[in-house]
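To start, the structure under review is shown below, and the notes come after it.
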Amino acid sequence: MELKKDFLWGGATAANQYEGAYDEDGKGLSTADVMTQGSLHEARKITWKNIKTGEVGYVEMGMKPIKFPEGAVPAVIKGYYYPSHVATDFYHRYKEDIKYMADMGFKTFRMSINWSRIFPNGDDREPNDKGLEFYDKVFKELKKYNIEPLVTLSHYETPLNLAIKYGGWVDRRVIDFYVKYAETVMKRYKGLVKYWLTFNEINVMSMMPYMGGGVMDPTPQNIAQAAHNQFVASAKVVKLAHEIDPENKVGQMLAFAAVYPLTPDPKDQIKVIEDMHQTLFYSDVQTGGRYPEYKLEEYKREGIKLDDTPEDYDLIKKYSADFLSFSCYSSSVTTTHKDKIGESRGNFVMGVKNPYLKESDWGWATDPEVLRYALNTLWDRYHKPLWIVENGLGAVDKVEDGKIHDDYRIEYLQENIASFIKAVEVDGIDLMGYTSWGCIDLVSAGTGQMSKRYGYVYVDRDDEGNGSLDRIPKDSFYWYKKVIASNGKDL
Ligand code: BGP
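Right, dumping it as structure tokens:
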């Protein structure tokens, strides 16, 4: 089998990392707008204020659920730098950027709608017209070039008010606010958008519940409830999307965490299964349509009881995702042999260094086989169309004589694209498209840094917020254009 003729090549972004204009034209604050910048060794901080005492402070994000101090609510505090506030200014430069995408031959562009641009507080009665108008303009511009939008409804951008007033996704009322928001935009952009994703990396709820759903008190019970509420919300949106326009297709978005065993010790193989369950639970429910037994047993053991209804499970079953999209940058290694555990960082999963792989500056292993591995795992389990919606190399780029020679990025992408093409040609997997991450440089989600870049187009802005925001195509820009034009034949 070959790649489809209409294979959806493109790039991916998220509003909070790309748009900027965080308080323009009636936009409310989102959970991302109170997050500062970290670095390789320093975590991002979420700043807070105690409304009663006026005291201010921060909590560090890290890879574990964080808890806010008693009486503290996340807030923008003077003196801190918040990367989302300007980001790389897509809000004012969308025409220029879309032109770059068209020049590369993009068939699709993944972006998110910033929920708090449409409903500034999340629970408002009426949407904000100015917010809706902005996306009218963006979708029309994309249409001009026949670029199909792929829209994430929630990419770490819960309206902050929902976190403060309701504790985030733990509260079932948030389901209705989200469904109302989804209905508003699906009706408004009918005919302009047909591919939707409900929640970015829904499984991030287990590790960073504030980022995944504005969860303020992340007990295991609350995390389970927030995830459940997002599953129900997803199913309701699938139902609604099909009613609004039968052309609509709604996908799940999973952060695929590939885990390999370090040794042939059977205990390590079992550890891999257990680790993978933490990821696959989310796709078993949202794409598979049912709660898997291993999770139900875990909830029983831990005394977790969901606030649920029989109708929830009917919805989850009947309106599972139409397709399964995922992010995948890297792989990690696990072992039960404590003495072999060394330092290794990665995309959400902590593991052991893989002696066969190189690592990026941020410690993410570059794995030339990981996409084929991911695609086979997910295809064998669900047999639903798949879409790689994030992949790429975060690296520091240097501008030399107005040029960026990012051959390291090209090399990473060559290997990764070759890997998914094999999954189609050799394994016969139904793959809809590929949108590499951060096609125009944007702010990193994990660190908030600008210097961790993924793009084909360089944006002049640094970690301190200096720079003209001017765009320069990198070497990878011309390379990707050639890849798209040859439908993956000329790598
Ligand atoms: C994913 C997120 C993106 C993104 C990407 C790269 O987890 O969905 O928002 O930014 O990872 O991660 P980072 O920006 O931390 O390098």
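Per the working numbering, the sequence shown starts with residue 4, numbered consecutively. Every residue gets a Cβ at the ideal spot worked out from N, C-alpha and C, and that includes glycine.
query, result
"Just list the residues that DSSP pairs residue 15 with in beta bridges.", "113 and 440"
"Would you kindly report the start and end of the unbroken beta strand (DSSP E) that includes residue 379?", "No beta strand (DSSP E) holds residue 379; the alpha helix (DSSP H) holding it covers 373-385."
"So who's on the other strand from residue 413, going by DSSP bridges?", "Paired residue(s): none; residue 413 is not in a bridge."
"Tell me, which residues are paired with residue 254 by DSSP?", "200 and 326"
"Roughly how many angstroms separate the alpha carbons of residue 33 and residue 153, rounded to a whole number?", "21 Å"
"Comparing the CB of residue 260 with every heavy atom of the ligand BGP, is any distance shorter than 7 Å?", "no"
"With the cut-off set at 8 Å, would you say residue 108 and residue 484 are in Cβ contact?", "yes"
"Looking at residue 395: is its Cβ nearer than 8 Å to the Cβ of residue 332?", "yes"
"Run through DSSP, which three-state label would residue 45 get?", "coil"
"Between residue 256 and chain D, is the shortest Cβ-Cβ distance under 8 Å, so that the two count as touching?", "Of the protein chains in the structure, only one exists, and it is not chain D."
"What is the DSSP secondary structure of residue 350, counted as helix, strand or coil?", "At residue 350, the pLDDT of 48 sits below 50, so the modelled position is not reliable and the matter cannot be decided from this model."
"Name the residue from 444, 479, 477 and 482 whose alpha carbon lies nearest to the alpha carbon of residue 465.", "444"
"For the ligand BGP, is there any heavy atom lying closer than 7 Å to the beta carbon of residue 438?", "no"
"Using a Cβ-Cβ cut-off of 7 Å (strictly less than) and excluding sequence neighbours within five positions of residue 279, which residues of its own chain qualify?", "262"
"If we call anything under 8 Å between Cβ atoms a contact, is residue 474 one with residue 486?", "no"
"With distances taken Cα to Cα, identify the nearest neighbour of residue 11 among 390, 256 and 191.", "390"
"Looking at the ligand BGP, does it come within less than 7 Å of residue 447, judged from the CB to the closest heavy atom?", "yes"
"Would you check if the stretch 82-89 and the stretch 112-127 touch, i.e. whether three or more CB-CB distances between them fall below 8 Å?", "no"
"Alpha carbon to alpha carbon, what distance is there between residue 274 and residue 210?", "18 Å"
"Look up residue 263 in the DSSP assignment and say whether it is helix, strand or coil.", "strand"
"Throw me the rounded Cβ distance for the residue 36 and residue 88 pair, which I believe falls under 8 Å.", "7 Å"
"Starting from the Cα of residue 3, find the closest Cα among 439, 421 and 460 and give me that residue.", "One cannot answer for residue 3 here, as it falls past the ends of the chain, which runs 4 to 494."
"CA-CA distance, residue 58 and residue 74?", "10 Å"
"Could you work out which residue in 357, 186 and 232 is closest to residue 248 when comparing CA atoms only?", "186"
"Enumerated in chain order, which unbroken segments of the alpha helix (DSSP H) with a length of 4 residues or greater are wholly contained in the stretch 119-144?", "none"
"Does residue 221 come out as helix, strand or coil in the three-state DSSP assignment?", "coil"
"Per DSSP, residue 39 forms a beta bridge with which residues?", "Beta-bridge pairing links residue 39 to no other residue."
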